[in-house]
Amino acid sequence: MTKRFPVLLASLLAVSSVSAPLQVLAQEAQPLDRIAAVVDEDVILQSELQRAIANIKAQYVGRENQLPPEDVLSRQVLERLVLVKLQVARAQGSGIRIGDQELNQAMNAIAQQNGSTLDALRQRLAHDGIDFNDFRASVRDEITVQRLRQSFAQSRISVSEGEVDAALKQQATVGNQYHLAHILIALPDGANADQISTGQKKADGVKALLDKGELDFNAAAVRYSDSPNALEGGDLGWRSLDEIPQAFAQMMEKMKPGEVVGPIRGPSGFQLLKLVDVRDASAAAGASTVTEYHGRHILVRVDDHQTDAAAKAKIDTLRARIAGGADFETVAKESSEDNNSKGQGGDLGWFPADAFGPAFGQQVSGIQDGGVSQPFRTDAGWHIVQRVATRQTDVTNDNQRAQVRETIGRRKLEDEYNRFLQELRGEAYVSFRSGDRAENTATPPQS
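Residue numbering for the sequence shown follows my numbering, beginning at 1 and increasing consecutively.
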């Protein structure tokens with residue numbers, strides 16, 4: 001049951017004690033509770049919206065310039081809250097209910113994630129001015145949405161053996177797969193000449209900022225993209241050539257990781273596409289073994305209580321102690337801020353290089369067994385990693401087929417569920433009470 005909760009922790013909009021200190025959320029929750037939006041028979045309160053915005057902002061501490069203007073951010077977050085309300089209502093209408101026992105398990109998991117108990121979490125929430133029942137309600141909603149998505153997948157998503165066979169055959173013949181991210185400058189249906197011209201100029205302006213290095217792609221997506229995944233930097237994941245629009249697919253084989261192409265006009269508007277990375281699909285399909293690493297790490301978090309500079313200074317000191325002969329495991333137990341591994345001396349067990357993200361994988365694969373990396377940054381904060389050992393693990397045909405089946409199913413679910421959400425949103429009565437719905441008016445400076 002608790003395996004669902006890490007996803008829950010990552011996606012909670014109202015409160016996330018890992019990425020958004022509760023004090024920040026409490027500060028943002030002070031305005032009078034006006035109605036921000038009416039969603040069918042439910043409402044979104046201004047305090048809900050402010051808490052959700054505060055959560056996003058807390059994830060960008062020290063990088064505030066990467067966020068879009070306040071009105072655009074508010075619009076993006078309010079739309080997310082609308083979709084949550086609609087999904088919860090649909091789930092309840094379908095008979096999905098989250099009982100108190102399951103909810104209590106989730107609450108305990110959140111407390112444990114922060115090295116605390118449920119009573120201590122309740123006290124901390126009260127101290128920071130956050131209503132415990134509101135917090136519980138947001139957790140219940142998130143689990144409800146997850147359960148709706150699972151039900152949707154079970155009832156509408158199927159992957160045949162033939163599809164798995166075809167995908168494996170394609171992997172054996174197609175040279176590469178591409179990790180992509182995109183920025184969408186949307187155009188309305190039936191856009192007129194002025195709207196098209198405005199969209200083209202905006203897309204060209206974003207591309208100019210990227211070319212000059214004035215903004216990285218992730219920040220540009222957050223600030224300017226109209227895509228639903230804008231706040232995730234426009235990440236599209238791994239795609240094969242036949243899953244990429246033809247206008248872009250023709251360019252892929254000539255591009256190098258990090259390059260950006262576009263803007264190109266598509267059905268939804270103007271798109272910029274970034275090639276994040278390339279991998280050999282045929283090699284991955286034919287490999288009988290994968291490399292796994294046994295590692296330990298030390299984390300110093302960057303959050304509202306600790307600046308990036310302070311965290312970097314602390315991790316540098318810890319790295320110097322280890323270089324001077326201190327035992328990595330002992331230092332991790334004393335000083336690591338990863339509560340999940342601290343008690344085990346930072347031990348992460350065995351894992352493939354991509355288990356904890358590209359930055360972590362690059363570091364652990366770039367050192368020798370017994371070696372310790374230099375400090376490096378991730379979204380969580382500053383790390384150092386020790387590679388304890390390396391091994392080759394057999395990948396059986398059954399595992400390959402299971403991985404391919406999961407990939408196909410996940411992609412189908414993503415596409416079908418997004419269409420379902422569009423239908424849900426289109427059929428709903430939604431009234432924004434804090435002014436007309438804001439469009440993404442963030443515009444890059446014109447050269």
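Ideal Cβ placement from N, Cα and C applies to all residues, glycine included.
Residue i burial status per 10 Å Cβ neighbour count (16 or more: buried)
{"i": "Glu-427", "result": "exposed"}
{"i": "Ser-155", "result": "exposed"}
{"i": "His-305", "result": "exposed"}
{"i": "Thr-393", "result": "exposed"}
{"i": "Thr-144", "result": "buried"}
{"i": "His-207", "result": "The residue asked about is misnamed: residue 207 is Lys in this sequence, not His. Burial call: buried."}
{"i": "His-127", "result": "exposed"}
{"i": "Asp-141", "result": "buried"}
{"i": "Lys-85", "result": "buried"}
{"i": "Ser-94", "result": "exposed"}
{"i": "Tyr-178", "result": "buried"}
{"i": "Lys-274", "result": "buried"}
{"i": "Ala-29", "result": "Interpretation of Ala-29 is limited by its pLDDT of 45, a score under 50 that renders its predicted location unreliable; the figure taken from the coordinates is listed afterwards. So Ala-29 counts as buried."}
{"i": "Asn-399", "result": "exposed"}
{"i": "Ser-373", "result": "buried"}
{"i": "Glu-48", "result": "buried"}
{"i": "Arg-51", "result": "buried"}
{"i": "Pro-523", "result": "Within the shown structure, residues of the chain are numbered from 1 to 447, placing residue 523 beyond reach of any answer."}
{"i": "Asn-451", "result": "No information on residue 451 is available, as it lies outside the stretch 1 to 447 that the chain covers here."}
{"i": "Arg-296", "result": "buried"}
{"i": "Gly-346", "result": "buried"}
{"i": "Asn-418", "result": "exposed"}
{"i": "Ser-197", "result": "exposed"}
{"i": "Asp-119", "result": "exposed"}
{"i": "Gly-381", "result": "buried"}
{"i": "Ala-109", "result": "buried"}
Whole-angstrom C-beta distance between residue j and residue i, which should lie under 8 angstroms
{"i": "Met-252", "j": "Leu-236", "result": "Actually they are not in contact, since the Cβ atoms of Met-252 and Leu-236 sit about 13 angstroms apart, beyond 8 angstroms."}
{"i": "Pro-375", "j": "Arg-319", "result": "6 angstroms"}
{"i": "Ile-315", "j": "Ile-384", "result": "6 angstroms"}
{"i": "Glu-416", "j": "Trp-350", "result": "Actually they do not touch by this definition, with Cβ atoms about 34 angstroms apart."}
{"i": "Leu-83", "j": "Leu-348", "result": "About 34 angstroms separates the two Cβ atoms, so there is no contact after all."}
{"i": "Val-331", "j": "Leu-180", "result": "Rounded, the Cβ-Cβ distance is 39 angstroms, inconsistent with contact."}
{"i": "Gln-66", "j": "Arg-223", "result": "7 angstroms"}
{"i": "Ser-151", "j": "Ile-96", "result": "7 angstroms"}
{"i": "Gly-205", "j": "Ala-221", "result": "Actually they do not touch by this definition, with Cβ atoms about 14 angstroms apart."}
{"i": "Asn-339", "j": "Asn-114", "result": "7 angstroms"}
First and last residue of the uninterrupted beta strand (DSSP E) at residue i
{"i": "Lys-274", "result": "269-280"}
{"i": "Ile-35", "result": "35-39"}
{"i": "Leu-236", "result": "235-240"}
{"i": "Val-145", "result": "No beta strand (DSSP E) holds Val-145; the alpha helix (DSSP H) holding it covers 132-156."}
{"i": "Pro-358", "result": "Run containing Pro-358: none in the beta strand (DSSP E); it sits in the alpha helix (DSSP H), 358-365."}
{"i": "Arg-433", "result": "Neither: Arg-433 is in no beta strand (DSSP E) and is coded neither H nor E."}
{"i": "Gly-262", "result": "260-265"}
Host alpha helix (DSSP H) of residue i (start-end)
{"i": "Ser-47", "result": "46-58"}
{"i": "Arg-75", "result": "70-93"}
{"i": "Ile-110", "result": "100-113"}
{"i": "Arg-63", "result": "Neither: Arg-63 is in no alpha helix (DSSP H) and is coded neither H nor E."}
{"i": "Arg-124", "result": "118-127"}
{"i": "Met-252", "result": "246-252"}
8 angstroms Cβ cutoff, residue i in contact with chain B
{"i": "Gln-113", "result": "Among the chains of the structure shown, chain B does not appear; only one protein chain is present."}
Proximal residues to residue i (C-beta, below 8 angstroms), its chain only, five neighbours per side dropped
{"i": "Arg-63", "result": "Ala-219"}
{"i": "Val-159", "result": "Arg-405, Ile-408, Gly-409, Lys-412"}
{"i": "Ala-167", "result": "Val-404, Thr-407, Ile-408"}
{"i": "Phe-432", "result": "Ala-36, Ala-37, Leu-78"}
{"i": "Gly-199", "result": "Ile-185, Ala-186, Leu-187, Ala-191, Gly-269, Phe-270"}
Cβ-based neighbour list, residue i, same chain, cut-off 6 angstroms, excluding 5 preceding and 5 following
{"i": "Lys-412", "result": "Ile-157"}
{"i": "Ala-353", "result": "Gly-361, Ser-365"}
{"i": "Ser-102", "result": "Residue identity differs from the one stated: residue 102 is Glu in this sequence, not Ser. Closer than 6 angstroms at the Cβ level, and outside the excluded window around Glu-102, lies no residue."}
{"i": "Ala-203", "result": "Ile-185, Pro-263, Phe-270"}
{"i": "Glu-337", "result": "Leu-299, Val-300, Arg-301"}
{"i": "Leu-215", "result": "Leu-209"}
{"i": "Ala-91", "result": "Thr-144, Leu-148"}
{"i": "Phe-132", "result": "Arg-122, Leu-125"}
Residues of its chain near residue i, where Cβ-Cβ distance is below 7 angstroms and the 5 sequence neighbours each way are ignored
{"i": "Gly-266", "result": "Pro-245"}
{"i": "Ala-89", "result": "Asp-40, Asp-42"}
{"i": "Leu-81", "result": "Leu-13, Ile-44, Glu-48, Leu-49, Ala-52"}
{"i": "Arg-239", "result": "Gln-177, Tyr-178, Leu-180"}
{"i": "Gln-363", "result": "Ser-373, Phe-376, Val-385"}
- Message: Please give me, in chain order, every unbroken run of the beta strand (DSSP E) with length at least 3 that falls completely inside the region 163-219.
- Response: Counting only unbroken stretches of 3 or more residues, the beta strand (DSSP E) elements lying wholly within the region 163-219 are 176-186, in sequence order.
- Query: Fully enclosed by the region 320-355, which beta strand (DSSP E) runs are 3 residues long or longer?
  - Reply: Runs of the beta strand (DSSP E) inside the region 320-355: 347-352.
- Query: Which residue spans inside the region 369-393 form an unbroken beta strand (DSSP E) run of at least 3?
  - Reply: Fully enclosed beta strand (DSSP E) runs of 3 or longer: not present.
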